Amino acid sequence: AHSSVVSTGRFLFQMDENNLGDIYVYDISNVSQPKLINVFQYAEERTSNAMPHNGQIRGGYLYVAYYEAGYLTFDISNPYDIAEVGRVETFRDPQQTGTNTREIRGRYGGAWNSYVGLSSGNMLVSDTFSGLFLVKANSPYSKPNAPNLSAERNDNNAVTLTWNAVPNARAYSVERRVEGQSFIVIAEFLTTTSYFDNSVSDQNASYKVKALNGEGEGVSAIVESALSSASPTKNPTHQPSPRPSVAPTFPPSKVPTSQPSPN
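Structure representation (structure tokens):
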């Protein structure tokens, strides 16, 4: 390991400078037990074996001084699926003519360091052969549009969420709110357009989905999912109450029980 930078206080990006894996990504939510979640290299690694030196993070992007490969930009909004989205050939094409005049040979030379904190938004890149570059970062795409979210609850009160694929989204996250509480993230860095929530149980729930890339996020409208109504039972739960018994009546006897008194 040579250098490292941290994104959002949770993900650490380590530049190795030795051509073994190039850049390693760790989840450091638990700093005493960092978890390796990804290893990635630049796009031409299979044909031109360059090495990373130092990296800097600004927003949703990692900017790497990648020695002979130049100055590279990676979208890190989904740390499980990193995408290279920009490059300045400081070593192979220092005059920016569009034609490479040097070859990558895996040596310690080329883009060596950078600074991304200028108030102008521009960046400084130092190349050991070609000198200092002032670089402007152009957005590779716009932030994602808001997904269109729908929710369907089954008879067991599990909820299926579906949404449309959003152009240029690198990942999706799902947030849920139950019974008026705050929203919490229940799934993140999804690359599919559906999610099955079987943990909401017998609670009313609200959901929203975010589409992410290095430029920002698009947030869906909040969708409500109420409890399923109980289906009526097919058989009555109680037998009908018996009718109250009625004592039989008897007709009056034809023979009086007493003789009339004499006059």
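With my numbering applied, the sequence shown covers 50 to 312. No residue lacks a Cβ here, since even glycine has one placed at the ideal position from N, Cα and C. Here the structure is a predicted model, which is why all the values come from computation and not from measurement.
Asked                                                                                                                                                                        : Found
G104: which of L173, G267, D130 and S231 sits nearest, CA to CA?                                                                                                             : L173
What's the C-alpha gap between R141 and R107?                                                                                                                                : 25 Å
Report the CB separation of K192 from F232 in whole angstroms; it is logged as a contact under 8 Å.                                                                          : The Cβ separation is near 20 Å, so there is no contact.
By alpha-carbon positions, which one of G135, H51 and P101 ends up nearest to D71?                                                                                           : P101
For N149, collect the residues of the same chain with a Cβ closer than 7 Å to its Cβ; drop the 5 residues on either side in sequence, then sort them by chain order.         : E138, R141 and D142
Whole angstroms is fine: what's the gap from S179's alpha carbon to D246's?                                                                                                  : 54 Å
In three-state terms, what does DSSP make of Y110?                                                                                                                           : strand
Could you check what DSSP says for K84 in three-state terms: helix, strand or coil?                                                                                          : strand
So for S175, helix, strand or coil by DSSP?                                                                                                                                  : strand
Give the single residue among L167, G170, V54 and A50 whose Cα lies nearest to the Cα of D65.                                                                                : A50
What is the DSSP secondary structure of L69, counted as helix, strand or coil?                                                                                               : coil
Tell me the rounded alpha-carbon separation between S175 and L181.                                                                                                           : 5 Å
Quickly, what does DSSP pair F232 with across the bridge? List them, please.                                                                                                 : For F232, which the question treats as bridged, DSSP gives no partner whatsoever.
Give me, in chain order, the residues of the same chain whose beta-carbon lies closer than 6 Å to that of I271; leave out the 5 immediate sequence neighbours on both sides. : S255 and K257
Measuring CB to CB, does G135 end up less than 7 Å from T146?                                                                                                                : no
The beta strand (DSSP E) with F140 in it runs from where to where?                                                                                                           : Looking at the DSSP string, F140 is not in any beta strand (DSSP E), and its letter there is neither H nor E.
How would you call D124, buried or exposed, if buried means at least 16 neighbouring beta carbons within 10 angstroms?                                                       : buried
Would you say Y120 and G263 are within 7 Å of each other, going by their C-beta atoms?                                                                                       : no
For my contact list, S126 and A220 are in at a C-beta cut-off of 8 Å; report their separation, rounded to the angstrom.                                                      : 6 Å
Along the beta strand (DSSP E) that carries Y129, what are the first and last residues, could you check?                                                                     : It is not in any beta strand (DSSP E) - Y129 carries neither H nor E in the DSSP assignment.
Is the region 237-251 in contact with the region 159-174, if contact means three or more CB pairs nearer than 8 Å?                                                           : no
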